[in-house]
Amino acid sequence: MLQDSSMFTLDHRDTRSCLFKRANQQLRISICSTQLIRVSLSNDQPLPRRSWAVNRADDAWEPVEWSIAQNSAITTLETADLQVNVAHADGRITFTNRQQQAFFSDVGPATYNADGWLVTKQIYNSEHFYGFGERTGWLEKTGQHFLNWTLDPEPHHGPRIDNMYATMPVFMGLQPNLCYGVFFNTSFRSSVDVGATDAALLSLKTQGPDLDYYLVLGATPADITATWRELLGAMPLPAYWTLGYHQSRWGYDSSSTMRAIADELRARNIPCDAIHFDIDYMDGYRVFTWHPERFAQPAQLVQDLAQDGFNVVTIIDPGFKTDPDYAVFAEGLANDYFIKRADGSLFSGYVWPDDSAFADFTRADVRAWWGNLHKTLVDAGVRGIWDDMNEPTVFDRPFSEGGGNGGTIDLNAPQGAADERTTHAEVHNLYGLLMAQATYEGLRQLRPNERPFVLTRSGFAGLSRWATLWTGDNSALWEHLEMTLPQICNLGLSGIPFVGVDIGGFFGNASSELWARWVQVGAFLPFCRGHSCSGTRPAEPWAFGERTEAIARAYLSLRYRLLPYLYTLFYQASTTGAPIIRPLVYEYPADVATHALHDQVLCGSQLMLAPIVRPGAEYRSVYLPAGEWYDWWTGERITGAQHILVHAPLERLPLYVRGGAILTLGPVLNYTGEAPLDPLTLDVYPSGTSEWTLYEDDGISFEYEQGLSATTHFSCIETAQSINFVIAARQGSWQPAPRTIVVNLHSLPPKAVLLDEQPIECVHADGAITVSFVDDGLTHTLEAKL
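Counting from 61, one number per residue, gives the positions in the sequence shown under the numbering used here.
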């Protein structure tokens with residue numbers, strides 16, 4: 061019997077996948093895990109796997125058990141967690157969980173034409189969507205359209221702008237009792253329509269030759285972010301100093317200015333670990349150079365700043381000035397490292413140094429060359445690199461004539477090594493990520509015993525393997541403060557945990573009130589930097605008056621006290637993929653009150669901030685999910701599952717501790733290396749049974765990869781008669797400096813307190829029982845009899 065060539069028929073099955081074919085197309089369903097499925101649809105032969113692919117190769121996953129069943133109409137693939145049904149007539153795919161609940165299922169066959177591929181999915185009742193990478197607007201994304209194309213948006217981009225500097229085609233769908241994630245695996249220009257055209261339909265569209273996506277099913281959002289870590293790569297642990305405050309401005313244009321900023325920060329006791337050098341430090345904006353007059357002795361400057369506890373981060377752009385007397389350009393030209401036009405001539409475009417050439421980061425040899433170019437900066441003592449303008453942006457006229465109206469490299473410009481030659485149309489979205497990779501690998505090669513710090517403006521899915529992302533040139537507008545938290549949350553849900561924004565806004569002039577409210581939020585963000593634009597008013601913490609300066613000092617000091625807790629969150633992000641800043645829906649997906657809540661977030665699982673994001677406001681409604689919560693400022697214990705009205709004068713950020721939390725805090729510091737972690741303070745907020753594990757290592761080397769680290773597990777059980785708090789013996793080979801442990805049990809006055817079953821003196825004040833003892837790394841039990 062002849063087969064119908066218009067129908068998909070099963071052509072081949074192996075231990076990992078099924079291949080279906082019809083006359084001119086092939087469809088492969090790959091089983092990466094019991095929860096993760098890859099769908100690849102192509103005409104004739106699919107694109108080969110590229111060397112720059114961000115996704116883990118399918119054959120790198122451990123094979124799992126799955127079954128296949130067929131009838132005349134459908135082939136069903138089944139794992140322990142889900143089913144994939146493939147219709148033979150047109151390749152239509154339906155996904156269901158083991159309870160036969162459908163999700164992300166086709167409403168029609170995928171189609172291909174001159175514009176590329178299009179597939180349309182069903183949006184189900186009560187379904188919510190999150191992620192999509194770097195986006196403006198609020199948290200929940202139903203009813204919107206997202207273009208996946210990196211660009212430098214117009215200044216003062218607002219909540220309705222579509223695409224921005226970075227693009228991560230990664231998102232999450234939430235239904236009752238079900239959560240799933242999608243990675244749209246295409247680097248070509250693509251889009252996702254989430255009910256914008258039709259409220260019942262979600263569509264994926266790509267200009268690439270293949271339709272390729274991964275689908276992961278989970279019980280909770282945490283299952284999805286854990287899978288992104290496995291699929292797109294784990295974030296390495298950052299250097300401890302990078303978690304401190306960073307001070308920056310375009311306009312710090314001389315060594316004397318840098319020293320003056322550093323002196324002010326220390327004189328005013330404003331904690332800070334890094335100062336960023338914007339493009340002013342270069343000689344005519346030539347990358348990897350120093351201005352011979354304004355930065356005449358860079359190594360001495362960097363050394364002087366280091367002695368005061370400041371790490372230097374220098375900006376680097378991808379454009380090389382096309383100056384034959386510029387040695388770096390001449391070297392790149394001689395070795396054919398730059399992108400060319402389709403006709404074979406050198407591609408050049410306008411950026412800061414005017415006419416510039418651009419490195420082809422898709423090539424391993426070019427990335428190695430780029431990485432080694434950082435030697436001149438590393439030798440001067442620079443500790444971090446800030447990759448900018450790497451969308452890549454190309455001005456429509458020379459910067460010396462005003463610049464602006466950013467375009468990009470010709471889409472037909474050839475790129476890649478000879479064995480995988482392509483055009484910029486395929487790799488445009490990857491340019492920033494590949495530049496960050498080249499920078500990271502170069503820094504690790506040049507300074508092999510120190511964790512690199514790379515900050516980038518552009519990137520793609522999987523960026524966290526190489527760099528920290530900030531959300532680019534925001535503005536000193538209340539709307540931009542308000543969208544800070546949903547931006548950070550959606551990036552975290554897209555697999556990018558180490559993120560931040562320019563505190564106070566880059567463009568424009570913040571009022572003292574706006575800057576105060578912004579630094580309160582910024583003090584809890586994974587990446588914490590104040591940055592502003594040349595030509596605006598000064599925007600350092602002291603530029604807004606004594607009241608705002610005092611607020612900045614207080615909240616940045618609180619950040620430094622929380623660093624042991626924050627560093628543990630980074631460890632969790634590295635090992636589990638958990639975001640550091642989380643929307644409430646991440647921890648409470650079954651609570652419908654959290655589904656669209658955009659102006660309250662969790663810092664880890666234990667702290668919740670509910671900032672003021674509107675001018676003149678001193679009161680706001682705060683939603684407390686089910687459970688018990690403690691007011692950070694007053695210690696009041698509040699039952700959740702309710703909204704409360706909170707008074708928040710300018711000095712106060714509404715901040716709550718989850719019942720059962722065990723917060724690890726350090727001393728107030730001016731910079732992270734000023735003193736060891738002594739004392740280690742444990743703030744314990746009893747509520748039933750709870751636990752927490754503190755992670756520690758040397759904070760700078762890669763020895764943690766060989767196991768040189770330590771964890772300490774804490775547990776607490778509260779009953780009507782007592783609070784029993786246990787510090788388990790420290791595990792691991794890393795040893796902290798000698799220190800005291802201070803335990804604050806937030807409780808009513810006790811009848812007695814026992815340490816290791818022996819009575820001990822304690823202090824009860826401000827609602828807490830305080831006990832101090834030497835940390836010897838052994839197991840200790842603290843019992844408060846109530």
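Just so it is clear, CB atoms sit at the ideal spot from N, CA and C, and this is done for glycine as well. Remember, it's a predicted structure, so these values are computed and weren't measured experimentally.
How about the region 569-587 and the region 608-615: do they share at least three Cβ pairs that are nearer than 8 Å? yes
Check each candidate in 791, 469 and 741 and name the one with the smallest Cα separation from residue 839. 791
Output the boundary residues of the alpha helix (DSSP H) element that contains residue 336. First-last for residue 336: 334-337, but that is the beta strand (DSSP E), not the alpha helix (DSSP H).
Near residue 711, which residues of its chain fall below 7 Å by C-beta distance, leaving aside the five closest residues on each side in sequence? 611
Just list the residues that DSSP pairs residue 627 with in beta bridges. Looking at the DSSP assignment, residue 627 forms no beta bridge with any residue, so it has no partner.
Quick one: give me the first and last residue of the alpha helix (DSSP H) that residue 111 is part of. Segment: none, residue 111 is in no alpha helix (DSSP H) and carries neither H nor E.
Pick helix, strand or coil for residue 202, following the three-state DSSP scheme. coil
So, using beta-carbon positions, are residue 335 and residue 370 closer together than 8 Å? yes
Out of 551, 718 and 358, which has the shortest C-alpha to C-alpha gap to residue 319? 358
With 16 other CB atoms within 10 Å as the buried threshold, where does residue 721 fall? buried
Determine the closest residue to residue 480 out of 180, 76 and 112, with distance taken between C-alpha atoms. 112
Going by C-alpha distance, which of 192, 200 and 741 is nearest residue 652? 200
My understanding is that residue 733 touches residue 689, with C-beta atoms under 8 Å, so please give their C-beta distance in whole angstroms. Actually they do not touch by this definition, with Cβ atoms about 35 Å apart.
Rounded to whole angstroms, how far is the Cβ of residue 245 from the Cβ of residue 274, which I believe are closer than 8 Å? 6 Å
Is the CB-CB distance between residue 262 and residue 253 below 8 Å? yes
Please classify residue 728: does DSSP put it in a helix, a strand, or coil? coil
Does DSSP classify residue 444 as helix, strand or coil? strand
Taking residue 419 and residue 378 to be in contact with their CB atoms under 8 Å, please state how far apart those CB atoms are, rounded to whole angstroms. 6 Å
Per the contact definition of three or more C-beta pairs closer than 8 Å, is the region 692-699 in contact with the region 725-744? no
Note down, in chain order, each residue of its chain lying with its Cβ closer than 7 Å to the Cβ of residue 436, except the 5 sequence neighbours on either side. 348
Tell me which residues share the same chain as residue 313 and place their Cβ nearer than 7 Å to its Cβ, disregarding the 5 neighbours each side in the sequence. 340 and 354
Is residue 552 near the ligand ZN, judged by its Cβ being under 7 Å from some heavy atom? Of the ligands one can find in the structure shown there are none, so the ligand ZN has no counterpart to examine.
Measuring CA to CA, which of 301, 69, 599 and 128 is closest to residue 568? 599
Tell me the residue span of the alpha helix (DSSP H) that contains residue 287. 281-292
Between the region 204-211 and the region 154-167, can you find at least three pairs of beta-carbon atoms closer than 8 Å? no
Would residue 628 pass as a contact of residue 716 if the rule is Cβ separation under 8 Å? no
Cβ neighbours of residue 633 in the same chain (closer than 6 Å, five flanking residues each side left out): 295, 557 and 640
Where does residue 636 land, buried or exposed, given buried means 16+ other C-beta within 10 angstroms? exposed
Per-residue DSSP class, three states only, for residue 554: coil
What is the DSSP secondary structure of residue 810, reduced to helix, strand or coil? coil
Which residue's Cα is closest to the Cα of residue 326: 572, 802 and 305? 305
Cross-strand partners of residue 683 (DSSP beta bridge): 703
What is the rounded straight-line gap between the Cα of residue 841 and the Cα of residue 668? 28 Å
According to DSSP, is residue 461 part of a helix, a strand, or is it coil? helix
Report the rounded CA-to-CA distance for residue 96 versus residue 524, giving the unit in angstroms. 21 Å
Checking the sheet assignment: what are the DSSP bridge partners for residue 828? 806 and 825
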